[in-house]
Structure formats: C-alpha cells, structure tokens
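Chains as they are written, first to last, in the working numbering: chain Z, 1 to 323; chain R, 324 to 646.
Using N, Cα and C, we set each Cβ at its ideal position, and we do this for glycine too.
Accompanying notes for the structure given below.
Structure below.
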C-alpha cells in the first residue's frame, strides 16, 4: 500500500489499515508493492471497482462508519450479482487535507465490520490527500467456479423475474435523510435511512443462485432501469407486475399515504438487492425472494404493468443519486 | 462498469471505454457487474491499486494523454516490481462536472497506447462526476508463478544493490515543468519533463528478475526512501554509493551546473525504475542495470556515501510530489 504524504501516512497505514489485512497472507501486511491472490482450483477470479464521492454518492456529513458501509456494501453487491464468494479488496482513499485521525480511525473501524462479517480482508491500496471532497474507490475480488458466473445476458422467454428483499427502501431512505419524506413516522424514517446508508449485500444468496439463475444483476440504478439492462443484454422483453414488487412495511405505509411515490420506488436506486431471471423460484436462499414479472420474446424492452394490466408511465427511470 | 450520470455515461463507456476491453473476453464488453480473470495454471494473481489527483500527483493542466500515462505507468511499475506479467486493469474515474467529451476521448486514446503496448486490457470500473479535481484510481492485475513474486524483504548481507535506467529524471522533470530548472537548456528540460510525465515501467525486466533478485521494489517515493523501505523490510543495512548512481545526460549536466541538486536527485520521486538486491548482476534484462551499493549486516538503515567515503546528509528523504 503506497502513500504520498510522507511518514505520517505510512504510520496511518501501519496503525489503522494493516490490521485489516491480517487474514490475507498475500497482502504482505500492506508493506509490498502489490498483493498476491490464488483462487481455489477450478475457480476463476471476479473483479469489480466502484467509486464514491462525498456529496454525490453519500451525504457530506455522513459518518465514516456509514461511508465504509456504502463502499463495501455496494461492491460486495456486485460480487453477489456474479455469484462470487468474496476474497478481499483493495482501496484507494483520497482524504481532504486536514482530515482528523479520529475520522480515519472510525472509517477503519467501519471497514473492520465488513472485513470480519464477510471474510473480506484488505489486500492493498493507496492513501492520498485531495483539495476536493473525500473520494473512495474500492476494488472487490471474489471467486466463482470457472465458467459459472452469473451474467445479465441469460434471461430467456418463459423465465420468471425475481428479486431479493424489498424494493425502494434506498431511495425512500435518501428522501428521509434529506427531510423530504414527511408522510411516515420517525421510526419508519429511521428504518429507511438505515437501509439507504447501510447496504445489505446478498452475498450468500448470490452464491446459492449459481446453477439456478439464468441471469442476475444487482439493483443499484433502480429496479426499472436495471430490468432494462437485463432486457437489453438478453434481447428479451420483460413485463414487470408493479403490484407484486415487495415493499418493506415502512415503504408500504409511505406508498399508501402518497401513491405518487410508486414511480420513485420503481425507479430509485441504491437498493442493492438482486434481480434474477430463472425458470422457477430459486431455492436454498437465506433471504426473501419474490416473483415480480415474466420474460417474453420480443424486442428488448420493459413493460411496467399496474393492477389492471395498464402500463404505468414512469417519469424517471435513471437514478441520479442526489445531485 | 457502472456509472452514475444516467444514459450519457453509459454511452461514454460504450463508445470510449468498451473498445479498450476488446481483448479481454472476461470483461464482458464492460456490460456486467464485474469481470472474470483466470490465471494460467501454476500462476497466482498480483494486484495493486494507485490513485492520482489533479494538482497533487499530476499538474492541473496536464494533457489527458499524459494523465493516462502516469496512471498506467505507475501501476505497471508496481506489477514490474513484483515480477508480474500484466493481465489487465480496472479504472475508477471521477471527472469534474462539465468535462468535455474531447477530454474523455483523448484520455481513452491515451489509455489505448498502454492497453496495446503492454497487452493490458481494461476489465471494468466506474465513471462518476465530482465537484472536486479530476481523480483516478487504477487497479492493475498481473500474474506470477505461484510463490515466486519479488518482495522487498529479501535483501541479504553480501548482496549488491542495482537500479534499472537512470535516477532523478522524474523530480528534475517536475522542476523543469514548473520552470524551476534553469541550469540546463531547453532540449534537456524537454527530455526530463517527458520522463516526469510519462513513466517507462520496467515490465519485462521485472519478469526477468524472478529467480535472480532477492528483493525488488519500484522507485516511486525517491531512491533513498525506497532504499530505506527495503532496509526496513529486510532488516539489513544498505550502503549507497552516491557517485555510482546512474544519471541521464540531462541530469548529469544539471548536477554539474548545480551540485546542490544531488540531494534532490537522490531523494526525489517518480522515477519508476526498479531497485534490486541480488547476489550478482542480473542477466537477460532489456534495460541498463547499474550497481549502486551493497547490503551489510546491521540495524535497518541506509548510509549514503560520497566519493571520499564520507556520509552525505540528505535534507529531504520523503517525497511529497508538488504539494
């Protein structure tokens, strides 16, 4: 792990980050130019990189613990979508000048929860300073049986569409965090905010889907937009039954009070649930799984259907975080 | 490869970045949540991540082509230091709002030189926007025969110390780019600037060093500081013979004119040459290799010795770019 701020940043790496690498012998205690990884025999490496910027992907005043959660959660969700088992990660941190050691310590403690919780050690990275907002880029590494990874291009006519967990909590949680969700009480707002701030990546479910799902991706751009990614990649038409989309109690109460939120729920992002196309309901998952649509032959498209079969027009199918 | 700026950024990925992934079947044309990599049998994966920030690691007005060079060159240099053969890379780009498509196209064209030159395809990544300076993080992936990677902790008493290429061009090139190197003529300045702006990572040499070098790292923090990294990791004392440090003609003329530059040359960074500890001069390298010191038993330390054997005091052994 390299650094550019002379000795004190070497100290930061040694003190705060090297302990996160303790379970990865190939990380060499973050003291070499790079780390080594050996996939298990018969497995290949899966790799994904996501970046987040203060004020763009997380709120400016977000806690270091929750920044770590967003960073690890969103990348682990990408591994889950490929059916991969996590191996570890590299991390580039650009801290604003003057960032306190307390902030860095809290961030490292936040990472620790994910390192321990998902057997996901730090393998290396870089710590630099920036005159701009805090910016983080995480590269997550996993492994999957060679040739078995889940992709988004395998949906077939006759498949059913499934999702894990509940949909819309991420975008409603963002509205709650911004004080823009006044239709529900404080407990529900707190639940949704937590769902927004702390993704719950479906890592075990993703691995269990290998061999069961024809296509899979994670819902980060919003349900309808991610369905269109699957439809485009697979060359199929997907019919989404809006009424069957699973909602948390908090989201259900919000929607009951303000039916206009349906479009927000279906097109908002940051859900970090898995979207699956499969011949039948997958089994052996450790998470709620709900059928929400069907795959039919036809030009790549998504048709969102309401209770009476009519098409629901969606104002916004591209999620732009909170810019 | 994900994005956060709606459809136009998907277009940017498709148009400018997907062609850089053409030679990596496991990159899935940058359309999936992650990429797959399979190391050759008997090889393990080597991974390294470096970040660069406009105004910190490269000049604010640097050309997109040279930004791509700094990013690829510095990371390939880390792979070289481990003795690894490049496989590919992931890339997170945070572009300032309003960055033109011309800039992005020029950056992608700059990456293309490295993708083609080092058989180093793009595997995935993320494109986001930032209210701050342009920030890039590259994760380079390579492979090395299992258990054979070069590390910095293997220097042994009795070893000789070698470097590839010439030392000090990076820091002198930075001074030249800033108009602070007035002791040499314009052609020499242009040569040094180019050395600063466009690293020449010793990728073939690194691979050839496997089995020959006891320890290796790349010189990014500055020769003396990187020697101290090797001394610390190996638990040895290193004697650097300053007079034998290889200089380019431009650096030699600068030093002849201003002998005070010796300390700058020995402690400046951004050389991206390899620093090697070995029992004897390594062979079969495609680059100049010069013996510059010896390893002796003793507490971890670096002793920099001038022509008459006296110790040269170095004012600054920690390189801070140009902050």
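N- and C-terminal bounds of the alpha helix (DSSP H) containing residue i
i: residue 146(Z); result: Counting along the chain, residue 146(Z) falls outside any alpha helix (DSSP H), and DSSP gives it neither H nor E.
i: residue 589(R); result: 584–590
i: residue 374(R); result: Not the alpha helix (DSSP H): residue 374(R) falls in the beta strand (DSSP E), residues 366–376.
i: residue 331(R); result: 329–335
i: residue 427(R); result: 424–440
i: residue 65(Z); result: 64–81
i: residue 494(R); result: 492–500
Contact under 7 Å by Cβ, residue i with residue j
i: residue 349(R); j: residue 335(R); result: no
i: residue 176(Z); j: residue 189(Z); result: yes
i: residue 49(Z); j: residue 606(R); result: no
i: residue 466(R); j: residue 351(R); result: no
i: residue 254(Z); j: residue 262(Z); result: no
i: residue 270(Z); j: residue 170(Z); result: yes
i: residue 195(Z); j: residue 173(Z); result: yes
i: residue 94(Z); j: residue 458(R); result: yes
i: residue 454(R); j: residue 377(R); result: no
i: residue 266(Z); j: residue 216(Z); result: no
i: residue 296(Z); j: residue 231(Z); result: no
i: residue 374(R); j: residue 128(Z); result: yes
i: residue 242(Z); j: residue 154(Z); result: no
i: residue 411(R); j: residue 444(R); result: yes
i: residue 424(R); j: residue 531(R); result: no
i: residue 249(Z); j: residue 73(Z); result: no
i: residue 235(Z); j: residue 186(Z); result: no
i: residue 356(R); j: residue 145(Z); result: no
i: residue 289(Z); j: residue 164(Z); result: yes
i: residue 449(R); j: residue 415(R); result: yes
i: residue 251(Z); j: residue 168(Z); result: yes
i: residue 31(Z); j: residue 344(R); result: no
i: residue 543(R); j: residue 621(R); result: no
i: residue 358(R); j: residue 184(Z); result: no
Bridge partners - residue i, DSSP secondary structure assignment
i: residue 682(R); result: This structure cannot speak to residue 682(R), because chain R is shown only from 324 to 646.
i: residue 409(R); result: 465(R)
i: residue 618(R); result: 561(R)
i: residue 628(R); result: 564(R) and 634(R)
i: residue 92(Z); result: 126(Z) and 137(Z)
i: residue 356(R); result: Answer by DSSP bridge pairing: none, since residue 356(R) is not bridged.
i: residue 340(R); result: Residue 340(R) is not bridged to any residue.
i: residue 191(Z); result: In DSSP, residue 191(Z) forms no bridge with anything.
i: residue 28(Z); result: Partner(s): none; residue 28(Z) has no beta bridge.
i: residue 58(Z); result: 54(Z)
Distance between residue j and residue i (C-alpha atoms, nearest Å)
i: residue 279(Z); j: residue 111(Z); result: 37 Å
i: residue 148(Z); j: residue 141(Z); result: 16 Å
i: residue 460(R); j: residue 338(R); result: 21 Å
i: residue 83(Z); j: residue 61(Z); result: 34 Å
i: residue 340(R); j: residue 462(R); result: 16 Å
i: residue 225(Z); j: residue 124(Z); result: 33 Å
i: residue 246(Z); j: residue 256(Z); result: 14 Å
i: residue 312(Z); j: residue 294(Z); result: 16 Å
i: residue 63(Z); j: residue 218(Z); result: 25 Å
i: residue 214(Z); j: residue 162(Z); result: 11 Å
i: residue 319(Z); j: residue 222(Z); result: Caution applies to residue 319(Z), whose pLDDT of 46 falls short of 50 and renders its modelled position unreliable; the value that the coordinates give is listed next. Those two C-alpha atoms are separated by around 6 Å.
i: residue 474(R); j: residue 614(R); result: 19 Å
i: residue 610(R); j: residue 45(Z); result: 33 Å
i: residue 501(R); j: residue 390(R); result: 17 Å
i: residue 1(Z); j: residue 70(Z); result: Since pLDDT at residue 1(Z) reaches only 37, below the 50 mark, its modelled position is unreliable, and the value read off the structure follows with that caveat. The straight-line gap from Cα to Cα measures roughly 22 Å.
i: residue 421(R); j: residue 211(Z); result: 44 Å
i: residue 515(R); j: residue 440(R); result: 22 Å
i: residue 342(R); j: residue 333(R); result: 13 Å
i: residue 599(R); j: residue 119(Z); result: 35 Å
i: residue 240(Z); j: residue 258(Z); result: 21 Å
N- and C-terminal bounds of the beta strand (DSSP E) containing residue i
i: residue 122(Z); result: 122–130
i: residue 483(R); result: 483–487
i: residue 541(R); result: 538–541
- Item | Entirely enclosed alpha helix (DSSP H) segments - the stretch 228–292 of chain Z, minimum 4 residues | 249–257 and 261–267
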